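Trainee: Residue numbers (this note's numbering): 44 to 433. Starting off with a structure, shown below.
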């Protein structure tokens with residue numbers, strides 16, 4: 044009897060494996076959407092919400108991505124810092140990670156090459172600790188629980204856009220990052236296996252299409268998405284997170300620099316009436332959500348869908364406004380605590396043709412020229428604040 048049950052279990056697992064193999068042929072990496080692609084390189088984490096997968100070798104958004112045993116996008120590093128090495132850890136999100144560019148074209152690698160060439164006897168080691176989608180909340184925990192063990196001499200911090208974002212790659216709930224409860228380790232492990240399954244992606248797409256054909260259900264889902272899309276880190280928490288990072292670095296005798304990254308969120312083309320709504324002081328995203336809710340209440344689900352979609356699209360205006368405000372908070376914290384602030388945003392703004400970004404399909408992340416410029420700006424500040432001092 045036990046043998047028969049075991050055989051049935053094995054047979055069931057074999058069938059699932061064959062179905063999964065077929066699904067991987069039907070839905071190869073090249074056909075994954077952005078959120079599905081992220082699951083290839085990130086996994087949920089008990090402490091950090093998520094982090095990059097370890098020992099990875101894949102193609103992500105058209106670019107080769109490899110990670111080491113720490114989940115970092117670079118070669119293996121010695122956890123025990125060698126004698127005579129000045130270790131710099133670059134913290135940040137996707138722009139630090141090098142979204143859309145080769146690993147050797149991301150600013151931490153370029154910075155390492157420049158320092159190696161110019162500082163002579165002092166050996167510099169720059170570590171790319173960029174984690175896709177990270178906020179300052181995740182960054183402070185990541186620094187405390189993982190990066191301090193690498194004994195850095197200096198840390199650079201480049202965070203803003205994800206703090207003001209309205210959605211997360213994982214666990215999109217109506218909560219800020221610091222309000223999310225920790226999942227049980229077994230739950231995290233199960234979900235990470237699930238996120239690697241193409242069968243799961245295909246089933247999710249099928250369900251989404253079925254719901255999408257029903258205007259009433261679609262409107263309800265869009266309303267729920269908007270209702271859950273709350274800012275990930277509040278202004279007060281952003282300030283507190285930066286100050287906690289400062290405290291961590293000071294206690295551990297680590298030099299710290301803040302990087303004011305460019306905010307190049309695309310500006311939607313607005314109609315004259317929409318321009319007027321903004322000039323009157325109203326929030327355009329909230330305005331369309333209200334119109335969508337009214338239409339849904341009146342059972343005009345087609346109009347409700349259209350309004351809800353506009354409400355979600357125009358959240359980018361709120362993100363841009365908030366990001367600029369958060370940059371001011373960073374500058375204020377840097378000034379208050381005498382932390383060097385590298386103003387990459389100001390330099391990028393002088394590039395009228397926007398030749399420093401990945402292009403029209405990705406106007407947010409720097410391209411090789413953008414990364415090269417960021418590396419140059421950090422290099423100048425490092426030389427001025429570190430290697431010129433005894």
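Glycine is no exception: its CB is placed at the ideal position from the N, C-alpha and C atoms. Here the structure is a predicted model, which means the values were calculated and not measured.
What residues are listed by DSSP as bridge partners for residue 134?
Mentor: Here residue 134 is bridged, per DSSP, to 172 and 200.
Trainee: Is the Cβ-Cβ distance between residue 336 and residue 354 less than 7 angstroms?
Mentor: no
Trainee: Counting along the chain, where does the alpha helix (DSSP H) carrying residue 362 start and finish?
Mentor: That run of the alpha helix (DSSP H) goes 358-379.
Trainee: Considering only the beta carbon of each residue, do residue 340 and residue 262 sit closer than 7 angstroms?
Mentor: no
Trainee: Identify, in the order they occur along the chain, each residue of the same chain with its Cβ nearer than 7 angstroms to the Cβ of residue 444, setting aside the five sequence neighbours on each side.
Mentor: Look at the range of the chain in this structure, 44 to 433, and you will see that residue 444 is not part of it.
Trainee: Which of helix, strand or coil does DSSP assign to residue 433?
Mentor: In this prediction, residue 433 scores a pLDDT of 41, lower than 50, which makes its location untrustworthy; no coordinate-derived value is stated.
Trainee: Contact check, residue 92 vs residue 214 under 8 angstroms by CB: the rounded distance?
Mentor: 6 angstroms
Trainee: Reducing DSSP to helix, strand and coil, say where residue 106 ends up.
Mentor: strand
Trainee: What are the boundary residues of the alpha helix (DSSP H) that includes residue 256?
Mentor: 241-256
Trainee: For residue 428, count neighbouring Cβ atoms within 10 angstroms of its own Cβ and tell me buried if that reaches 16, exposed if not.
Mentor: exposed
Trainee: Rounded to the nearest angstrom, how far is the Cβ of residue 410 from that of residue 399, given a contact under 8 angstroms?
Mentor: That pair is a contact at about 6 angstroms.
Trainee: Pick out the complete alpha helix (DSSP H) segments inside the region 257-325, 4 residues or longer, and give them in chain order.
Mentor: 258-271, 278-294 and 315-322
Trainee: Apart from the five residues on each side of it in sequence, which residues of its chain come closer than 8 angstroms, Cβ to Cβ, to residue 94?
Mentor: 85, 86, 88, 114, 174 and 185
Trainee: Return yes when the C-beta of residue 99 is under 6 angstroms from any heavy atom of the ligand SAM, and no when it is not.
Mentor: Absence of the ligand SAM is noted for the structure shown, with no ligands found whatsoever.
Trainee: Please say whether residue 128 and residue 63 have beta carbons closer to each other than 7 angstroms?
Mentor: no
Trainee: Does the contact criterion of 3 or more C-beta pairs under 8 angstroms hold for the region 399-408 versus the region 365-381?
Mentor: no
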